[in-house]
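Written below as structure tokens is the structure these notes are about.
Number of protein chains: 2
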Amino acid sequence: MNSTTTLIKSHRSIRKFTDEAVSDEIIGELIACGQAAATSSNVQAVTVIQVTDPDIREQMATLAGGQPYVASAGAFLVYCADLNRPSLACQSKGGEFSPGMTEHFIIATVDVALAAQTTVIAAESMGLGICYIGGLRNKPAEVAELLSLPDQVYPVFGLCLGYPAQDPEVKPRLPVEAVWMKDRYDSAIFDTAVPAYDAHVREYYLTRTGGNKDSTWSDEMKALVGKESRPHMQGFLHDRGFMLK
Amino acid sequence: MNSTTTLIKSHRSIRKFTDEAVSDEIIGELIACGQAAATSSNVQAVTVIQVTDPDIREQMATLAGGQPYVASAGAFLVYCADLNRPSLACQSKGGEFSPGMTEHFIIATVDVALAAQTTVIAAESMGLGICYIGGLRNKPAEVAELLSLPDQVYPVFGLCLGYPAQDPEVKPRLPVEAVWMKDRYDSAIFDTAVPAYDAHVREYYLTRTGGNKDSTWSDEMKALVGKESRPHMQGFLHDRGFMLK
């Protein structure tokens, strides 16, 4: 353990923030930290759109399913996977962009997540709190229109940043032996590790909610993957020029 | 700037490592750090398969396009997007897994990248060096077979970890103003920012290679997105049960 790993292991999402804005100086530094992350073939397929207009922030909060901190956090960033910039660069050298490759979609989406998570750890090292907003994918076409995103650019998620006004517990995770395997995939470990984790999660919720939430991880997974989820995503991505082949 | 942001901004990929192995204690701690990252709806769709068998590591090095450090680094991890584990949990509660959702593919791929990048920063804080291995996607079906991956699990990338035996320069990135926008996407900034960056990258390569490599970022983007890239990926993912709708 060192100060960085201690910081990393103390992460929890923050959903209540003080009124203090996050300065441009800090945002610029945080985005520069994100740029320092690894990037596939140096493509840097990440564009961060900071939403500063209060009206647009309110609309984003609504589009994300009614998450008020999207409008009220110290700053709100939309992380976009951006193949438009490398496409323009390619064309400036007389090349012809090859659109719609699934591989390019993966590269760009991974690039975004690596950069965002690096920014997140940098932000937490400065005492800021964060919350990822996957809910932007509820209404990705509306988000894209609000931000004037061209083809080959899609909003992967949002990120709320600000000074915390709450101090929630760290959420328990699966035991490390359930996610770390050697040489081959072995789902037998789940037979013992998942029930133990289910019991742990149930206790966490019961304690945290004064007995009101009685749920396990497996219950939550039934709710998450036991039904269709955002079924518009494939069509949306195709419309924006992604994953056509 | 603080010690964490200084660490983050000093990242460079390491491709030469000492012979020292990375202990199980350290790997376990690094994977636990990765688990502390945010995860969509707590799905934790990440399974890390550490390849310890020297034969399998040699095969991985070949499959990745002949990258010898895949076999020789202190440790080699394969980061898998894993919807099999939540699917089993869903079924254990009487649910029926809804396969092939593009949204679930995005969630799992982003989860993997957030966890891996958190592990990377933790590793670098301990003095380790790293290199992501996207080259595993050259031959994803062969990688999946070698590691006995079930359906609903795919190898997103590999990660070499070890004690550095080289000290390369930090690679220059796009100027922050080319990736940070406010309220709307505006590609006009690229007209000045990209040529400036191209000049910077060209100088970096010329200096680093004693004049042997004369290339700009735009040249590299022409090579990367100006042609089809890993055109097998869509079919591979469909075969594994991903992105069917």
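So the protein sequences, as listed, match chains X and L.
Letter by letter, the first sequence follows residues 0 to 244 in numbering that gives the first Met the number 0.
Letter by letter, the second sequence follows residues 0 to 244 in numbering that gives the first Met the number 0.
Glycine included, C-beta positions come from ideal geometry on N, C-alpha and C.
| field | Cross-chain neighbours of L127(X) in chain L, by beta carbon under 8 Å | value | Taking the first residue of the first sequence as 1, we reach residue 127(X) at position 128. In chain order: nothing, as chain L lies at least about 12 Å away.
| task | Measure the C-alpha to C-alpha separation of K181(L) and E57(L) and round it to an integer number of angstroms. | result | Mapped onto the second sequence, residue 181(L) falls at position 182. Mapped onto the second sequence, residue 57(L) falls at position 58. Near 47 Å, if we compare the C-alpha coordinates of E57(L) and K181(L).
| task | Starting from the C-beta of L146(L), find all residues in its chain whose C-beta is less than 6 Å away, skip the five residues before and the five after it, and write them out in chain order. | result | Mapped onto the second sequence, residue 146(L) falls at position 147. Once the five neighbours on either side are set aside, the close Cβ partners of L146(L) are I48.
| task | Output, in chain order, the set of chain X residues within a Cβ distance shorter than 8 Å of E57(L). | result | If you number the second sequence from 1, residue 57(L) lands on position 58. Here the premise fails: no neighbours, minimum Cβ distance about 13 Å.
| query | If contact means a Cβ-Cβ distance below 7 Å, which residues of the segment 175 to 187 of chain X contact chain L? | reply | Listed in sequence order: V175, V178, W179, M180, K181, D182, R183, Y184, S186.
| message | In the DSSP assignment, the beta strand (DSSP E) including Q233(X) goes from what residue to what residue? | response | Residue numbering aside, residue 233(X) sits at position 234 when the first sequence is read from its first letter. Where Q233(X) is concerned, there is no enclosing beta strand (DSSP E), although the alpha helix (DSSP H) it sits in stretches over 232 to 238.
| task | If I'm right that G133(L) touches S97(X) with Cβ under 8 Å, what's the distance once you round it to whole angstroms? | result | Counting from 1 along the second sequence, the entry for residue 133(L) is found at position 134. Counting from 1 along the first sequence, the entry for residue 97(X) is found at position 98. That pair is no contact at about 17 Å.
| request: Could you give the DSSP three-state label for F104(L): helix, strand or coil? | output: Sequence index remark: in the second sequence, residue 104(L) carries index 105 (1-based). Three-state result, F104(L): helix.
| said: Below 8 Å on C-beta distance, what does E28(X) contact in chain L? | reply: Within the first sequence, numbered from 1, the residue matching residue 28(X) stands at position 29. Ordered by position in chain L, the residues that pass the 8 Å Cβ test against E28(X) are M0, T4.
| request: Leaving aside the five residues before and after K212(X) along the sequence, list all residues of the same chain whose C-beta is less than 6 Å from its C-beta, in chain order. | output: Position 213 of the first sequence, counting from 1, holds the residue named residue 212(X). Once the five neighbours on either side are set aside, the close Cβ partners of K212(X) are Y204.
| Pairing CB atoms from the segment 72 to 82 of chain L with CB atoms from the segment 150 to 157 of chain L, are three or more of them under 8 Å? | With the rule of 3 Cβ pairs closer than 8 Å, the segment 72 to 82 of chain L counts as touching the segment 150 to 157 of chain L.
| field | Contact set for A20(X): own chain, Cβ-Cβ below 6 Å, skip 5 residues either direction | value | As a working note, residue 20(X) is residue 21 in the first sequence. These residues qualify, in order along the chain: G73.
| task | Evaluate the contact criterion for the segment 82 to 95 of chain X versus the segment 4 to 16 of chain L: three or more CB pairs, one atom per stretch, below 8 Å. | result | As far as the Cβ criterion goes, the segment 82 to 95 of chain X does not touch the segment 4 to 16 of chain L, which means the pair count is below three.
| Through-space distance from R84(X) to D185(L), alpha-carbon basis | Position 186 of the second sequence, counting from 1, holds the residue named residue 185(L). Position 85 of the first sequence, counting from 1, holds the residue named residue 84(X). Whole-angstrom Cα-Cα distance: 11 Å.
| request: Have a look at the DSSP bridge pairing and note the partners of G157(X). | output: As a working mapping, residue 157(X) is identified with position 158 in the first sequence. For G157(X), which the question treats as bridged, DSSP gives the partners V77(X), I132(X).
| chain X partners of R84(L), CB-CB under 9 Å? | Counting from one through the second sequence, the residue named residue 84(L) turns up at place 85. Within 9 Å Cβ-Cβ: L173, A177, V178, S186, F189, V193, M220.
| request: Measure the CB-CB distance between P139(L) and F235(L) and report whether it falls below 8 Å. | output: By 1-based counting over the second sequence, the position of residue 139(L) is 140. By 1-based counting over the second sequence, the position of residue 235(L) is 236. Yes, these two residues count as a Cβ contact at 8 Å.
| field | Pairwise C-alpha distance: D18(L) and G126(L) | value | Position 127 of the second sequence, counted from the first residue, corresponds to residue 126(L). Position 19 of the second sequence, counted from the first residue, corresponds to residue 18(L). If you draw a straight line from the Cα of G126(L) to the Cα of D18(L), it is about 15 Å long.
| task | For my contact list, M100(X) and P230(L) are in at a C-beta cut-off of 8 Å; report their separation, rounded to the angstrom. | result | For the purposes of this step, residue 100(X) is taken as the residue at position 101 of the first sequence. For the purposes of this step, residue 230(L) is taken as the residue at position 231 of the second sequence. Indeed they touch by this definition, with Cβ atoms about 7 Å apart.
| Beta carbon of Q34(L), beta carbon of V178(X): below 8 Å? | Along the second sequence, one-based indexing puts residue 34(L) at 35. Along the first sequence, one-based indexing puts residue 178(X) at 179. Yes, they are a contact pair.
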